[in-house]
Amino acid sequence: MLQGLQYHLDILRRQQDSISHKWTDLDVTKWMITEQLREPIQEDSSSCGLFMLKFMEYSTEDTLCHPITQEIITPFRYKLASILLCWKTNTAAMTTMLEQSDIEEDPNDVVMLESPEDQNKAKSLNSLSFKNKYQSLISVISNMSLHALVGRLCSYIKSIKCMETLEKVWVQSSKPYPISLTLKKLQGILNEDLPMNRDCFNLVVRRNMFDNI
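Have a look at this one:
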């Protein structure tokens, strides 16, 4: 970082109409370095960096309108999977729908046909049952906090063990270059013991950028 800063300072110093400054020494690479943090408090630098990118939205010129603490940085990684999955421009969202069974029917199977009266009763009960289930689901979800919803989604992602399902693409973006995230990569985000996948990191940065344009 200091070398990059030194590079740009050297360019400015070579310009004839450079702005005057009050620094006594522009050779920043030779400055004395004073360590403020003796021990690392954030082992996962990727999620920490992504958190800072997201938190920059709250920046007001040279200050932040809300203090940053380790307590709000640590759990941020768990939100990344749900953020990417629910991103409005996720073109792979439809691929997560359950697929219909391809099992062929046996023509020798015996099927008991119901009378028209029984069929009407069954349809009425099924419709009422589906309506009740839908209303119950909406009632449960509407009473859950955002934190609880994110937690349930993360728990669901971590619970999937099917290898075929793990290889399916759940998040996809094409601009400025294609990035696809499988369910297995999303699970990796939720594992603090694993380094964050590069595609996951790049896609979260892309999301933050596009949402702020």
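With the UniProt record's numbering, letter number 120 in the sequence shown gets 120, and the count goes up by one each step, no holes.
Heads up, the beta-carbon is just placed ideally off N, CA and C, and yes, glycines get one too.
Everything numeric in this text was worked out from a predicted model, so none of it was measured.
With distances taken between CB atoms, is the gap from residue i to residue j smaller than 7 angstroms?
{"i": "L2", "j": "V28", "result": "yes"}
{"i": "L203", "j": "C154", "result": "no"}
{"i": "D193", "j": "I179", "result": "no"}
For residue i, write down the residues that DSSP places opposite it in a beta bridge.
{"i": "Q172", "result": "S180"}
If you drop the 5 nearest sequence neighbours on each side, which residues of the same chain put their C-beta closer than 6 angstroms to that of residue i?
{"i": "N197", "result": "K185, G188"}
{"i": "N90", "result": "V171"}
{"i": "P195", "result": "none"}
Going by C-alpha to C-alpha distance, which of the options sits closest to residue i?
{"i": "L26", "options": "T34, M32, L9, I33", "result": "L9"}
{"i": "L85", "options": "E164, Y177, P176, I157", "result": "I157"}
{"i": "G151", "options": "P195, R14, E164, K79", "result": "K79"}
Using a C-beta cutoff of 7 angstroms, does residue i count as contacting chain C?
{"i": "C154", "result": "Although the question refers to chain C, the structure presented lacks it and comprises just one protein chain."}
Compute the Euclidean distance between the alpha carbons of residue i and residue j, then round it to the nearest angstrom.
{"i": "S174", "j": "S82", "result": "19 angstroms"}
{"i": "L5", "j": "S145", "result": "44 angstroms"}
{"i": "K161", "j": "E167", "result": "11 angstroms"}
{"i": "W31", "j": "Y7", "result": "15 angstroms"}
{"i": "S159", "j": "L149", "result": "15 angstroms"}
{"i": "M163", "j": "E35", "result": "46 angstroms"}
{"i": "R14", "j": "T24", "result": "17 angstroms"}
{"i": "H147", "j": "I33", "result": "40 angstroms"}
For residue i, which residues from the same chain have a beta carbon less than 7 angstroms from its beta carbon, with the 5 sequence-adjacent residues on both sides left out?
{"i": "T182", "result": "L166, E167, K168, V169, W170"}
{"i": "P176", "result": "none"}
{"i": "E105", "result": "For E105, the predicted structure reports a pLDDT of 48, less than 50, and the residue's modelled location is therefore unreliable. The matter cannot be settled from this model."}
Identify, in the order they occur along the chain, each residue of the same chain with its Cβ nearer than 8 angstroms to the Cβ of residue i, setting aside the five sequence neighbours on each side.
{"i": "N143", "result": "none"}
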